[in-house]
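The numbering used here numbers the first residue of the sequence shown as 99 and each following residue consecutively.
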Amino acid sequence: MHIGYLSTIYHTSFILKNEPLGNLNNYDLKWSLFATGPAMKDAFASGDLDVGYIGLPPVLIGIENGLKVKCIGGGHVEGTVIVAPQHYKTFYESGSIYSVLKQFEGEIIGTPSKGCIHDVIIREMTKDLDIEIKNFPWADFIPDAIEELEIAAGVGTPSLASVVNKRFASKVVIPPHKLWPYNPSYGIVVREELIDESPEFITDFLKAHEEACNLIRLHPEQAAEIALKEVKVVDEDFVLDTYKISPKYCASIPEEYIKSTLKFIPVLRRLGYMKGDLNQENIFNLEFIKKIHPEPAHY
């Protein structure tokens with residue numbers, strides 16, 4: 099099975115790649131790192147992937163264009179943050195999202211590639227303000243751009259916040275749960291054929307994925323120790339800080355996750371990223387996760 103993943107350290111990919119849980123040792127798993135969700139979407143389209151860890155806006159764009167994939171599991175919600183130098187006011191200091199973003203009028207905010215979840219969220223949040231959005235091919239370029247005053251702020255994952263905070267005096271100016279509640283930070287997406295071809299694998303993968311989500315949430319030190327086998331350039335404190343910034347980890351797909359996903363569709367249309375409409379059945383297959391995780395989400 100060919101699995102695509104991102105350099106997002108709080109995804110369970112960093113655990114399962116280095117310590118297969120449950121029955122995953124029974125499968126030949128090949129892991130490929132991608133720079134962004136849109137790049138992973140293209141790999142699905144070319145038939146190179148069976149499974150992917152991906153934010154859902156690129157998936158919606160792909161499905162509208164004929165991509166045959168389904169989201170079969172969640173993993174994390176509210177994984178987008180806005181970071182800026184210390185002299186900018188935060189949501190709690192200024193009182194609203196609008197007043198925070200108003201500070202950046204006439205400035206540039208950086209985010210990863212067009213069509214990724216961070217890009218879509220910041221473009222929607224700033225649509226009535228005079229703020230330029232600059233897309234970067236790799237999120238790793240954003241901290242340098244802030245430090246060199248190329249951009250005033252950066253939008254990305256909690257990992258971005260941890261990197262920037264270690265590099266220079268900075269802060270999260272809008273907390274993840276205020277920016278876009280329950281936004282589908284990432285989901286587990288599979289090519290549709292896999293649902294009929296390998297239902298046992300999907301079940302085993304989701305069970306292992308849920309176990310890894312629980313490990314991050316309940317035993318973060320143990321989860322961080324495993325993740326660090328993959329990432330040598332950071333330490334345990336960095337991983338733990340990242341886990342804490344937006345701590346909603348769960349493999350389930352609750353109603354809030356679905357509703358938040360569907361709210362992206364009119365935004366994607368307004369941005370010109372897609373033209374048509376999709377419904378829940380076009381995007382999700384809940385058959386497997388309902389059996390594995392029948393209880394409410396662990397948020």
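Backbone N, C-alpha and C define an ideal beta-carbon position, used for all residues, glycine too.
Thinking just about the alpha-carbon of each residue, which of ASN281, CYS214, SER344, PRO235 is nearest to the one in ALA259? Position 161 of the sequence shown, counted from the start, is the residue given in the question as residue 259. The shortest Cα separation from ALA259 among ASN281, CYS214, SER344, PRO235 belongs to SER344.
Would you list, in sequence order, the uninterrupted beta strand (DSSP E) runs of no fewer than 3 residues that lie entirely inside the region 128-188? Fully enclosed beta strand (DSSP E) runs of 3 or longer: 128-132, 149-152, 167-174, 179-183.
For GLN184 and LEU127, the rounded distance between their alpha carbons: Position 29 of the sequence shown, counted from the first residue, corresponds to residue 127. Position 86 of the sequence shown, counted from the first residue, corresponds to residue 184. Rounded to whole angstroms, LEU127 to GLN184 spans 43 Å at the Cα level.
Option in GLY204, TYR280, PRO318 with minimal Cα separation from VAL179: Start at 1 with the first residue of the sequence shown, and residue 179 comes out as number 81. Taking only the C-alpha atoms, the option nearest VAL179 is TYR280.
Hey, VAL337 and ILE113: beta-carbon distance below 8 Å or not? In the sequence shown, residue 337 corresponds to position 239, counting from 1. In the sequence shown, residue 113 corresponds to position 15, counting from 1. Taking 8 Å as the Cβ cut-off, VAL337 and ILE113 do not qualify as a contacting pair.
Enumerated in chain order, which unbroken segments of the alpha helix (DSSP H) with a length of 4 residues or greater are wholly contained in the region 250-301? 256-265, 274-277, 290-295
8 Å CB neighbourhood of PHE234 in its chain, flanking five on each side removed: Against the sequence shown, residue 234 aligns to sequence position 136. Once the five neighbours on either side are set aside, the close Cβ partners of PHE234 are GLY208, THR209, PRO210, SER211, ILE240, ALA243.
Straight-line CA distance for ASP148 to LEU104? By one-based count along the sequence shown, residue 148 stands at place 50. By one-based count along the sequence shown, residue 104 stands at place 6. Whole-angstrom Cα-Cα distance: 15 Å.
Are the CB atoms of ILE170 and LEU360 nearer to each other than 8 Å? Mapped onto the sequence shown, residue 170 falls at position 72. Mapped onto the sequence shown, residue 360 falls at position 262. For ILE170 and LEU360, no; Cβs fall outside 8 Å.
Beta-bridge partners of HIS100, as assigned by DSSP: To locate residue 100, count along the sequence shown from 1; it is residue 2. Note: HIS100 sits in a beta bridge opposite LYS128.
Please state whether DSSP places ASN233 in a helix, a strand or coil. Residue 233 sits at position 135 when you count from the first residue of the sequence shown. In this structure, ASN233 counts as strand in the three-state DSSP scheme.
State whether the region 134-142 contacts the region 193-206, with contact taken as three or more CB pairs (one from each stretch) at a distance under 8 Å. no
Report yes or no: do three or more beta-carbon pairs, one from the region 279-296 and one from the region 356-376, lie closer than 8 Å? Because the criterion of three Cβ pairs below 8 Å is met, the region 279-296 and the region 356-376 touch.
With the cut-off set at 8 Å, would you say PRO274 and CYS214 are in Cβ contact? Taking the first residue of the sequence shown as 1, we reach residue 274 at position 176. Taking the first residue of the sequence shown as 1, we reach residue 214 at position 116. No. Outside cutoff.
Rank HIS396, VAL253, LYS389 by C-alpha distance to the C-alpha of ASN312 and give the top, closest one. The sequence position of residue 312 within the sequence shown is 214, counting from 1. Among HIS396, VAL253, LYS389, the Cα nearest to that of ASN312 is on HIS396.
Suppose only complete runs of 4+ residues qualify. What are the alpha helix (DSSP H) ranges in the region 363-391, listed by chain order? For secondary structure counted as the alpha helix (DSSP H) over 4 or more consecutive residues, the region 363-391 holds these complete runs in sequence order: 378-381, 385-390.
How about TRP152 and VAL287: do their beta carbons lie closer than 8 Å? Counting from 1 along the sequence shown, the entry for residue 152 is found at position 54. Counting from 1 along the sequence shown, the entry for residue 287 is found at position 189. First, the amino acid is wrong: residue 152 is Ile here, not Trp. In contact: ILE152 and VAL287 (Cβ atoms closer than 8 Å).
What's the gap between the Cα of ILE324 and the Cα of ALA349? To locate residue 324, count along the sequence shown from 1; it is residue 226. To locate residue 349, count along the sequence shown from 1; it is residue 251. One Cα belongs to ILE324, the other to ALA349, and the distance between them is close to 19 Å.
Looking only at C-alpha atoms, which of PHE132, LYS166, SER111, TRP129 sits nearest to ASN383? To locate residue 383, count along the sequence shown from 1; it is residue 285. Nearest to ASN383 by C-alpha distance, out of PHE132, LYS166, SER111, TRP129, is LYS166.
Whether GLU249 touches ILE314 by CB criterion (8 Å): As a first step, residue 249 is located in the sequence shown; it is residue number 151 there, counting from the start. As a first step, residue 314 is located in the sequence shown; it is residue number 216 there, counting from the start. The sequence shown places Ile at residue 249, rather than the Glu named in the question. It is not a contact, given that the beta carbons lie outside the stated cut-off.
Buried or exposed: which applies to PHE266, given that a residue is buried once 16 or more other Cβ atoms fall within 10 Å of its Cβ? For the purposes of this step, residue 266 is taken as residue 168 along the sequence shown, with counting starting at 1. When all chains shown are included, PHE266 counts as exposed.
Of the choices GLY164, ALA310, ALA322, GLU245, whose alpha-carbon is the least far from that of HIS174? Taking the first residue of the sequence shown as 1, we reach residue 174 at position 76. Checked all of GLY164, ALA310, ALA322, GLU245; the closest Cα to HIS174 is ALA310.
Can you give me the Cβ contacts of GLU334 inside the same chain, cut-off strictly under 8 Å, excluding the 5 residues immediately before and after it? Here the question's residue 334 lines up with position 236 in the sequence shown. For GLU334, same chain residues with a beta-carbon under 8 Å away, outside a window of 5 residues either side, are GLU319, ALA322, GLU323, LEU326 in chain order.
Grab the span of the alpha helix (DSSP H) containing ILE113 for me, first residue to last. As a first step, residue 113 is located in the sequence shown; it is residue number 15 there, counting from the start. Residues 111-114.
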